[in-house]
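Enquirer: My questions will all concern the structure given below.
In UniProt numbering, the protein residues as written are 1 to 221.
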């Protein structure tokens with residue numbers, strides 16, 4: 001089964017300049033397929049049965065009268081964790097400076113962060129940062145597969161833990177996103193190699209920027 005190709009979810013708005021526009025060779029495509037097969041035994045891909053189970057749990061939660069405004073949030077600052085029918089769930093809380101909460105609330109709106117305390121901002125950042133990263137990478141599918149590979153590598157080497165002083169999930173995601181920006185036409189096998197050469201061997205971790213910084217106050221003027 002060929003690896004699915006999804007075009008970018010964005011226009012790479014305000015992302016740093018790209019450095020290598022070389023496209024993949026046939027051998028790179030074959031090696032990417034081998035990478036997918038290598039990752040499968042480690043359970044990094046969600047099986048159809050597991051996906052259906054998550055959908056079922058989502059439906060159960062959404063049908064409970066006590067559950068309101070159910071929203072999926074990834075890579076977040078969990079303020080309350082629980083396990084519902086075998087599915088681990090992190091519940092986030094943020095007090096917004098709004099009198100009412102509309103159903104179509106856009107959490108990416110920077111104005112929502114005004115007058116919020118640090119904990120509320122961190123809670124919102126899980127959803128905001130995850131969405132922003134997907135908006136900035138050239139190819140979402142290649143980004144996700146490369147990130148799965150790098151995360152597995154980090155876990156196998158016991159360096160995947162921000163609690164212990166190593167990089168956590170969102171940090172690895174930002175490094176992989178930067179690699180995707182530097183090599184926008186590369187596929188997963190090349191991205192994995194380039195990631196290793198750029199960050200692991202060169203240790204260029206002093207300053208990583210995947211988007212140009214914009215002063216929101218000046219932007220609103």
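By construction, the Cβ of each residue, glycine as well, lies at the ideal position given by its N, Cα and C atoms.
As the structure is a prediction and not an experimental result, all values here were calculated from the model.
1) Straight-line CA distance for residue 196 to residue 146?
2) Going by beta-carbon coordinates alone, are residue 208 and residue 182 separated by less than 8 Å?
3) What is the DSSP secondary structure of residue 90, counted as helix, strand or coil?
4) State yes or no: is the C-beta of residue 97 within less than 8 Å of the C-beta of residue 124?
5) Are there 16 or more other CB atoms within 10 angstroms of the CB of residue 139, so buried, or fewer, so exposed?
6) If I measure Cβ to Cβ from residue 131 and keep anything under 7 Å in the same chain, skipping five residues before and after, which residues do I get?
7) Could you give the DSSP three-state label for residue 210: helix, strand or coil?
8) Assess, as a yes-or-no matter, whether the segment 115-123 is touched by the segment 144-159 under the definition of 3 or more beta carbon pairs within less than 8 Å.
9) Applying the 10 Å Cβ sphere with the 16-neighbour rule, what's the burial state of residue 43?
10) In angstroms, rounded to a whole number, what distance separates the CA positions of residue 179 and residue 189?
11) Only counting the same chain, and skipping five residues up and downstream in sequence, which positions put a Cβ closer than 6 Å to that of residue 194?
Expert: According to the data block:
1) Here residue 196 is taken as the residue at index 196 of the chain shown, counted from 1. Here residue 146 is taken as the residue at index 146 of the chain shown, counted from 1. Their Cα atoms are separated by approximately 11 Å.
2) Indexing the chain shown from 1 puts residue 208 at position 208. Indexing the chain shown from 1 puts residue 182 at position 182. For residue 208 and residue 182, no; Cβs fall outside 8 Å.
3) Mapped onto the chain shown, residue 90 falls at position 90. Strand at residue 90.
4) The residue given as residue 97 occupies position 97 in the chain shown. The residue given as residue 124 occupies position 124 in the chain shown. No.
5) As a working note, residue 139 is residue 139 in the chain shown. Result: buried.
6) Position 131 of the chain shown, counting from 1, holds the residue named residue 131. Answer for residue 131: 108, listed in chain order.
7) Within the chain shown, the letter at position 210 stands for residue 210. Residue state, collapsed to three classes: coil.
8) no
9) Taking the first residue of the chain shown as position 1, residue 43 is located at position 43. Classification of residue 43: exposed, given that the 10 Å Cβ count is below 16.
10) As a working note, residue 179 is residue 179 in the chain shown. As a working note, residue 189 is residue 189 in the chain shown. The straight-line gap from Cα to Cα measures roughly 12 Å.
11) Taking the chain shown and counting its residues from 1, the one referred to as residue 194 is at position 194. If we look at residue 194 and ignore the five residues flanking it on each side, its Cβ neighbours are 179, 183.
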